[in-house]
Amino acid sequence: MTQISFEFFPPQTPRGRANLVRTAKVLARFQPTFYSVTYGAGGSTRERTFDAVVALRESGINAIPHLSWGGDKEDAVVALLGDYLALGVDRVVALRGDLPSGAGTSRQLRHADSLVRLIRSRIDAPLDIEVAAYPEVHPEAPSASADIDFLKGKIDAGATGCITQYFYNAEAYFHFRDRCGGAGIGVPIMPGIMPISNYETLVRFSAKAGVDIPRWIQRRIDEIHGDNEALRAFGADVVARLCQRLLDGGAPGLHFYTLNKAPPTEAVAEKIGLPSPSG
Ligand code: FAD
Numbered sequence: 046m047t048q049i050s051f052e053f054f055p056p057q058t059p060r061g062r063a064n065l066v067r068t069a070k071v072l073a074r075f076q077p078t079f080y081s082v083t084y085g086a087g088g089s090t091r092e093r094t095f096d097a098v099v100a101l102r103e104s105g106i107n108a109i110p111h112l113s114w115g116g117d118k119e120d121a122v123v124a125l126l127g128d129y130l131a132l133g134v135d136r137v138v139a140l141r142g143d144l145p146s147g148a149g150t151s152r153q154l155r156h157a158d159s160l161v162r163l164i165r166s167r168i169d170a171p172l173d174i175e176v177a178a179y180p181e182v183h184p185e186a187p188s189a190s191a192d193i194d195f196l197k198g199k200i201d202a203g204a205t206g207c208i209t210q211y212f213y214n215a216e217a218y219f220h221f222r223d224r225c226g227g228a229g230i231g232v233p234i235m236p237g238i239m240p241i242s243n244y245e246t247l248v249r250f251s252a253k254a255g256v257d258i259p260r261w262i263q264r265r266i267d268e269i270h271g272d273n274e275a276l277r278a279f280g281a282d283v284v285a286r287l288c289q290r291l292l293d294g295g296a297p298g299l300h301f302y303t304l305n306k307a308p309p310t311e312a313v314a315e316k317i318g319l320p321s322p323s324g
């Protein structure tokens with residue numbers, strides 16, 4: 046069974062939340078297992094993430110939060126998790142996160158494995174914990190092997206699945222998945238998929254996240270830059286082919302970074318025939 050999930054970021058305003066609920070409902074026809082809502086750097090969206098999860102869940106949508114330490118102490122994180130559990134949340138995405146821009150380098154971030162350990166030591170309720178994984182290697186990792194060892198540490202701490210950073214090279218995912226298997230990581234590794242809709246956003250995100258945009262994609266986008274219709278068609282085609290290859294190669298599902306917009310994700314999902322007949 047192909048597991049589909051959609052990622053959102055928390056809107057700023059009640060109107061934005063209402064729009065998000067509408068977007069989530071449009072995407073519901075693809076039968077996602079869950080919708081996740083990101084957590085701003087340094088915990089900057091603590092309330093907004095919570096409010097978005099509440100708004101979505103009140104509309105019958107299975108929304109779950111991303112969570113990082115931010116600047117919080119253990120008790121505050123556990124209290125926040127308690128609030129989520131009271132809403133019926135049964136899954137979280139546990140992250141180290143990044144420092145807010147302008148925070149300087151003096152502050153130390155606590156790694157995601159410590160958050161997973163905290164959750165497992167203080168929360169009794171059944172809870173799936175997803176962690177982040179990086180087929181093209183996290184930009185701060187000392188090496189590709191160390192990055193996988195640290196991922197193993199997050200699984201050993203109690204994570205039940207991973208969601209990857211997005212990528213445009215299927216081989217990167219297959220190589221990574223096989224190496225993870227070799228390292229004893231047995232949980233599902235869900236590929237993260239970024240539909241292509243806006244060139245500037247894609248370039249900015251990818252540079253920061255250490256994601257490679259293959260030269261052939263870059264060159265074609267350069268050529269059609271400014272022609273939104275052509276960009277949408279090219280993006281949907283490239284990303285749909287990537288998704289199909291991943292599924293054909295045994296990926297357990299797809300996690301879409303929607304950037305809160307339905308059409309680019311819909312275009313890809315339609316092209317690959319989601320929801321698949323088996324569900
Ligand atoms: P970690 O697992 O802690 O890894 C960070 C770096 O440290 C890596 O280089 C790793 O190799 C290394 N490392 C890991 N563990 C250890 C250890 N024990 N000792 C030493 N080094 C270690 N960011 C947000 O701000 N909000 C979000 O909601 C958000 N959602 C995301 C969802 C997904 C699916 C993904 C893939 C990323 C997301 N991010 C989000 C981005 C993420 O926060 C950044 O990539 C961040 O830099 C690393 O977070 P992490 O949880 O992977 O950290």
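The number in our numbering is simply the position in the sequence shown, starting from 1, with 45 added. Just so it is clear, CB atoms sit at the ideal spot from N, CA and C, and this is done for glycine as well. Treat the numbers as computed from the prediction; the structure is a model and nothing was measured.
Item to check | Given ASP135 as reference, the closest of VAL98, ARG155, ASP158 once Cα atoms are compared | outcome: Mapped onto the sequence shown, residue 135 falls at position 90. For ASP135, the nearest C-alpha among the options comes from VAL98.
Next on the checklist: Bridge partners for GLY237 per DSSP, in chain order?
Outcome noted: Looking up residue 237 in the sequence shown gives position 192. Its beta-bridge partners are TYR211, HIS300.
Item to check | Three or more C-beta pairs below 8 Å linking the region 139 to 146 and the region 69 to 82 | outcome: no
Next on the checklist: Less than 7 Å separating the Cβ of TYR84 from some heavy atom of the ligand FAD?
Outcome noted: Numbered from 1 along the sequence shown, position 39 holds the residue referred to as residue 84. It does: the Cβ of TYR84 is within 7 Å (strictly closer) of some heavy atom of the ligand FAD.
Checklist entry - Among GLU181, TRP261, GLU274, which has the Cα closest to the Cα of ALA254? => result In the sequence shown, the residue the question calls residue 254 occupies position 209. With distances taken between Cα atoms, ALA254 lies closest to GLU181.
Checklist entry - Taking the C-alpha atoms as reference points, what is the distance between LEU130 and TRP114? => result Here residue 130 refers to the residue found at position 85 of the sequence shown. Here residue 114 refers to the residue found at position 69 of the sequence shown. In a straight line, the C-alpha of LEU130 is about 17 Å away from that of TRP114.
Checklist entry - Rounded to a whole number of angstroms, what is the C-alpha to C-alpha distance between VAL35 and ASP120? => result The chain is shown from 46 up to 324; residue 35 falls before or after that span and cannot be answered.
Checklist entry - Taking 7 Å as the cut-off, is the CB of GLY88 close to at least one heavy atom of the ligand FAD? => result Position 43 of the sequence shown, counting from 1, holds the residue named residue 88. No, the ligand FAD has no heavy atom inside 7 Å of this Cβ.
Next on the checklist: As a quick exercise: from GLY298, HIS270, PRO240, pick the residue whose alpha carbon is nearest that of GLY280.
Outcome noted: In the sequence shown, the residue the question calls residue 280 occupies position 235. Of GLY298, HIS270, PRO240, the residue nearest in Cα terms is PRO240.
Checklist entry - Taking 7 Å as the cut-off, is the CB of GLU311 close to at least one heavy atom of the ligand FAD? => result For this step, residue 311 is matched to residue 266 along the sequence shown. No, the Cβ of GLU311 stays beyond 7 Å of every heavy atom of the ligand FAD.
Next on the checklist: Measuring alpha carbon to alpha carbon, tell me which residue in ALA296, ARG249, ASN64 is nearest PRO233.
Outcome noted: Start at 1 with the first residue of the sequence shown, and residue 233 comes out as number 188. Out of ALA296, ARG249, ASN64, ALA296 has the C-alpha closest to the C-alpha of PRO233.
Checklist entry - Thinking C-alpha only, which one of LEU172, ALA312, SER89, HIS300 is nearest THR209? => result Counted from its first residue, the sequence shown places residue 209 at position 164. Of LEU172, ALA312, SER89, HIS300, the residue nearest in Cα terms is HIS300.
Next on the checklist: Taking 8 Å as the limit between beta carbons, can you name the residues of its chain near ASP96, skipping five residues before and five after?
Outcome noted: By 1-based counting over the sequence shown, the position of residue 96 is 51. Answer for ASP96: PRO55, ARG62, listed in chain order.
Checklist entry - beta strand (DSSP E) containing ASP173: first to last residue? => result To locate residue 173, count along the sequence shown from 1; it is residue 128. Note, ASP173: beta strand (DSSP E), 173 to 178.
Item to check | Contacts around ASP158, its chain only, beta-carbon distance under 6 Å, and the 5 residues preceding and following it disregarded | outcome: Mapped onto the sequence shown, residue 158 falls at position 113. Within the same chain, ASP158 has close Cβ partners GLY198, LYS199, ALA202.
Next on the checklist: Taking only three categories from DSSP, how would you classify PHE334?
Outcome noted: Outside the shown range of the chain, which is 46 to 324, sits residue 334, and nothing can be said about it.
Item to check | CB contact below 8 Å: ILE258 versus chain C | outcome: Within the model displayed, chain C is absent; a lone protein chain is all it includes.
Item to check | Distance between PHE51 and ILE266 (C-alpha atoms, nearest Å) | outcome: One-based indexing of the sequence shown puts residue 266 at position 221. One-based indexing of the sequence shown puts residue 51 at position 6. When rounded, the distance between both Cα atoms is 25 Å.
Checklist entry - Taking Cβ to Cβ, would you say VAL71 is nearer than 8 Å to ALA215? => result Stepping through the sequence shown from its first residue, residue 71 is reached at position 26. Stepping through the sequence shown from its first residue, residue 215 is reached at position 170. No, the pair does not count as a contact, with Cβ atoms beyond the cut-off.
Next on the checklist: What ranges does the beta strand (DSSP E) occupy inside the region 67 to 146, keeping only unbroken runs of at least 3 residues that lie completely in it?
Outcome noted: 79 to 82, 108 to 113, 136 to 140
Next on the checklist: Whole angstroms are fine: how far does the CA of THR205 sit from the CA of ILE238?
Outcome noted: In the sequence shown, residue 238 corresponds to position 193, counting from 1. In the sequence shown, residue 205 corresponds to position 160, counting from 1. Their Cα atoms are separated by approximately 20 Å.
Item to check | Cβ shell of VAL66 (< 8 Å), same chain only, five flanking positions each side left out | outcome: Within the sequence shown, the letter at position 21 stands for residue 66. Answer for VAL66: ALA100, LEU101, SER104, ILE106, listed in chain order.
Checklist entry - Exposed or buried, which one is ALA170 when buried takes at least 16 other CB atoms within 10 Å? => result For the purposes of this step, residue 170 is taken as residue 125 along the sequence shown, with counting starting at 1. The residue in question, ALA170, is exposed, as its Cβ has fewer than 16 Cβ neighbours within 10 Å.
Item to check | Between the CA atoms of ARG93 and PHE53 - distance to the nearest angstrom | outcome: Indexing the sequence shown from 1 puts residue 53 at position 8. Indexing the sequence shown from 1 puts residue 93 at position 48. The alpha-carbon atoms of PHE53 and ARG93 are separated by roughly 12 Å.
Item to check | Same chain, Cβ closer than 6 Å to VAL176, five either side skipped, listed in chain order | outcome: In the sequence shown, counting from the first residue as 1, residue 176 sits at position 131. Here the set comprises ALA139, ALA157, LYS199, ALA204, CYS207.
Item to check | Burial state of ASP192 (16 or more Cβ within 10 Å) | outcome: Here residue 192 refers to the residue found at position 147 of the sequence shown. ASP192 should be labelled buried.
Item to check | VAL248 classed as buried or exposed, judged by whether at least 16 other C-beta atoms fall within 10 angstroms | outcome: In the sequence shown, the residue the question calls residue 248 occupies position 203. By the 10 Å Cβ count, VAL248 comes out exposed.
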